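Chains as they are written, first to last, in this note's numbering: chain A, 2 to 352; chain B, 2 to 352.
See the structure below:
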């Protein structure tokens with residue numbers, strides 16, 4: 002049997018439980034719980050036989066994205082969702098067994114995954130106990146060996162955000178150390194603050210956004226990176242030339258044309274978040290305030306049992322008790338009025 | 002400005018000309034020239050709003066593929082087309098700046114691309130002058146430093162195939178040297194011989210196939226790797242967990258259910274290939290016999306002019322004159338009866 006390379010043998014696998022979710026109210030993956038804009042479905046139904054057989058062309062979408070983001074055409078590139086965005090940044094810049102990547106934890110598992118795959122030296126910074134962002138601790142980790150600093154804003158699974166002035170301070174310190182800052186904004190626009198506009202001010206900033214969350218298109222695998230022209234050019238050299246599928250490109254184009262749909266969904270979710278705070282307070286369940294479309298509740302020892310009981314009531318949530326700082330915590334995606342009603346009913350019954 | 006890592010700075014870019022192809026008879030990318038099965042389009046038109054917002058699930062397709070290929074469920078994994086198949090094999094096994102990869106040339110550009118990206122030591126083996134496979138020369142390149150041997154069968158852009166006994170001989174020598182053999186069968190079933198059945202005999206064999214060519218689904222980005230369970234397990238650890246989009250998964254499932262459509266298209270193309278041989282003979286244009294859905298013609302010095310003239314007549318072809326051994330050669334995808342009629346008419350007029 003042929004052995005894989007060493008880094009592969011020792012790295013952590015990633016096996017998210019995405020099978021067997023049908024039929025449940027799926028509050029476990031921070032997806033859009035109702036689905037994408039009907040315009041996207043309409044677009045799908047109009048796709049013609051011949052258009053699937055040709056290789057994808059990204060120019061039209063890049064132009065549309067540049068208008069949406071108010072950046073230049075050469076400052077944006079589509080990616081196979083956030084996963085490939087992260088992968089491409091690391092693959093473009095990390096010199097193996099030499100460059101450091103700073104990752105605040107707990108966070109999205111794929112940062113560590115791609116850092117390990119590319120043999121980056123990983124410097125983790127633990128969030129504060131109240132799950133607020135550890136700005137001071139992170140600044141101390143940035144030095145001349147640092148190549149990439151990861152910020153997830155707002156972060157999953159904590160749901161917490163980073164202050165604009167802290168972001169700028171981090172970008173500046175990174176710049177002084179010849180390091181990039183990658184800001185993952187997967188939960189934009191649930192959290193309405195973006196750092197995209199800073200790309201013209203700082204040439205070491207890369208921002209990632211996605212159609213997987215608020216846009217409700219996780220299954221299509223499409224996102225994008227925004228940065229200055231030079232960084233985009235370097236990353237375009239590394240990314241697989243056709244990694245984003247053409248149907249996703251067509252659908253993303255349609256989705257951007259119906260952004261009102263997304264904004265309306267975001268309003269509904271954010272309203273229900275406040276409603277959940279209120280309800281959790283009444284139930285005396287500890288929770289963390291969140292800037293995204295999910296929140297963490299602290300259930301303590303009985304978290305496994307709690308998730309199982311919710312499942313029996315037809316609701317999937319994600320147990321995060323194994324994450325650093327999150328012992329006893331369960332992550333719950335927030336959905337529509339009706340779904341929130343169902344969730345609250347279940348929470349009351351389990352209590 | 003933050004510099005990318007060294008290997009990225011020195012590597013070749015890959016910028017295929019896939020824009021501005023609309024409205025032409027596209028005989029330049031070896032795509033299916035009529036499109037995928039109507040069942041795929043029907044499937045697309047039935048996709049519901051909620052199904053796009055959830056992360057993809059590959060189990061149903063893996064099961065269907067395993068039946069199609071007559072292998073076990075654990076012996077096949079979907080990939081984001083052949084590009085990611087190649088990328089994953091290299092990324093799983095190549096130890097940077099140490100392991101050698103043997104690549105017969107000229108061939109599909111992405112082998113060199115991903116080898117460079119992963120800092121493999123590239124050992125090229127030149128095809129024979131008549132574009133037949135250089136078995137002896139290749140065997141001599143395999144040694145204890147070799148980690149991966151690439152075979153493309155049939156090869157693009159040469160169109161030539163490798164004899165089964167030569168394949169077995171190469172796999173055996175690779176096995177004796179602890180090296181893998183990756184066989185890219187992108188043009189299956191235009192060429193109806195596959196090495197998939199050999200995976201149970203040789204644990205160092207990995208086969209790649211795709212829905213991009215005969216199936217007419219290049220825009221959807223889906224293919225698969227077939228190997229023994231252990232290799233698949235290692236590669237599943239490395240591949241991005243959601244790199245294949247769910248719409249492609251659903252469409253591939255539908256396409257496998259209408260394989261008769263693909264076989265009928267393949268018969269038409271292979272019939273037109275023989276017709277083209279005949280016509281090219283009459284026109285006294287030198288050509289190479291091909292086992293795929295394209296062929297090479299040798300036009301000599303005027304190849305640039307020749308491609309331009311075909312474009313003026315509404316037909317796109319691919320000039321391969323810059324490839325090793327292929328000076329003056331133009332690659333033409335073969336299509337339907339009607340398209341071949343149009344092509345022949347144009348070839349006669351240009352003559």
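In this text, a Cβ means the ideal position worked out from N, Cα and C, and glycines have one as well.
Values in this document were obtained by computation on a predicted structure and should not be read as measured data.
What does DSSP give as the partner residues of residue i in its beta bridges?
| i | result |
| --- | --- |
| residue 279 (chain B) | Answer by DSSP bridge pairing: none, since residue 279 (chain B) is not bridged. |
| residue 105 (chain B) | B:126 |
| residue 27 (chain B) | B:317 |
| residue 151 (chain B) | B:183 |
| residue 78 (chain B) | B:226 |
| residue 45 (chain B) | DSSP, once it has assigned bridges, lists no residue as partnering residue 45 (chain B). |
Per DSSP, what kind of secondary structure is residue i in: helix, strand or coil?
| i | result |
| --- | --- |
| residue 167 (chain A) | helix |
| residue 199 (chain B) | helix |
| residue 2 (chain B) | coil |
| residue 72 (chain B) | coil |
| residue 340 (chain B) | helix |
| residue 211 (chain B) | strand |
| residue 1 (chain A) | Because chain A is modelled from 2 through 352, residue 1 (chain A) falls outside the range shown and cannot be assessed. |
| residue 354 (chain B) | The requested residue 354 (chain B) does not occur in the structure, where chain B is confined to residues 2 to 352. |
| residue 348 (chain A) | helix |
| residue 132 (chain B) | coil |
| residue 206 (chain A) | strand |
| residue 116 (chain B) | helix |
| residue 39 (chain B) | helix |
| residue 274 (chain B) | helix |
| residue 62 (chain A) | helix |
| residue 52 (chain B) | helix |
| residue 177 (chain A) | helix |
Can you tell me the Cα-Cα spacing of residue i and residue j, whole angstroms?
| i | j | result |
| --- | --- | --- |
| residue 298 (chain B) | residue 13 (chain A) | 50 angstroms |
| residue 252 (chain A) | residue 185 (chain A) | 22 angstroms |
| residue 154 (chain A) | residue 143 (chain A) | 19 angstroms |
| residue 165 (chain B) | residue 296 (chain B) | 22 angstroms |
| residue 264 (chain B) | residue 176 (chain B) | 34 angstroms |
| residue 120 (chain A) | residue 98 (chain B) | 14 angstroms |
| residue 343 (chain B) | residue 311 (chain B) | 11 angstroms |
| residue 117 (chain A) | residue 43 (chain A) | 41 angstroms |
| residue 208 (chain A) | residue 183 (chain A) | 6 angstroms |
| residue 123 (chain B) | residue 199 (chain B) | 26 angstroms |
| residue 288 (chain B) | residue 126 (chain B) | 22 angstroms |
| residue 345 (chain B) | residue 158 (chain B) | 21 angstroms |
| residue 3 (chain A) | residue 179 (chain B) | 6 angstroms |
| residue 138 (chain A) | residue 106 (chain A) | 12 angstroms |
| residue 27 (chain A) | residue 109 (chain A) | 19 angstroms |
| residue 326 (chain A) | residue 282 (chain A) | 21 angstroms |
| residue 181 (chain B) | residue 172 (chain B) | 8 angstroms |
| residue 206 (chain B) | residue 293 (chain B) | 22 angstroms |
| residue 231 (chain B) | residue 338 (chain B) | 45 angstroms |
| residue 6 (chain A) | residue 195 (chain A) | 39 angstroms |
| residue 203 (chain B) | residue 80 (chain B) | 22 angstroms |
Between residue i and the rest of its own chain, which residues show a CB-CB distance below 6 angstroms, the 5 nearest in sequence each way excluded?
| i | result |
| --- | --- |
| residue 213 (chain B) | 82 and 219 |
| residue 187 (chain B) | 83, 211 and 214 |
| residue 115 (chain B) | 87, 88 and 91 |
| residue 336 (chain A) | 34 |
| residue 352 (chain A) | 284 |
| residue 189 (chain B) | 195 and 210 |
Starting from residue i, follow the alpha helix (DSSP H) in both directions and report where the run begins and ends.
| i | result |
| --- | --- |
| residue 84 (chain B) | 82 to 94 |
| residue 142 (chain A) | 136 to 142 |
| residue 312 (chain A) | 304 to 313 |
| residue 237 (chain A) | 230 to 239 |
| residue 9 (chain A) | 7 to 11 |
Quick one: give me the first and last residue of the beta strand (DSSP E) that residue i is part of.
| i | result |
| --- | --- |
| residue 295 (chain B) | 295 to 299 |
| residue 257 (chain B) | No beta strand (DSSP E) holds residue 257 (chain B); the alpha helix (DSSP H) holding it covers 247 to 257. |
| residue 223 (chain B) | Run containing residue 223 (chain B): none; DSSP gives neither H nor E here. |
| residue 289 (chain B) | 287 to 289 |
Spatial neighbours of residue i within its chain, please: CB distance less than 7 angstroms, with the 5 preceding and 5 following residues excluded, ordered by chain position.
| i | result |
| --- | --- |
| residue 322 (chain B) | 304, 328, 329 and 330 |
| residue 347 (chain B) | 311, 314 and 316 |
| residue 174 (chain B) | 140 and 143 |
| residue 29 (chain B) | 317, 318, 319 and 334 |
| residue 193 (chain B) | none |
At a cut-off of 7 angstroms, would you count residue i as near the ligand COA, judging by its Cβ distance to the nearest heavy atom?
| i | result |
| --- | --- |
| residue 10 (chain A) | No copy of the ligand COA appears in this structure; indeed no ligand is present at all. |
I'd like the list of long-range same chain contacts for residue i, defined as Cβ closer than 8 angstroms, with 5 residues on each side in sequence excluded.
| i | result |
| --- | --- |
| residue 248 (chain A) | 45, 48, 53 and 221 |
| residue 133 (chain A) | 161 |
| residue 95 (chain B) | 102, 116, 119, 120, 121, 148 and 149 |
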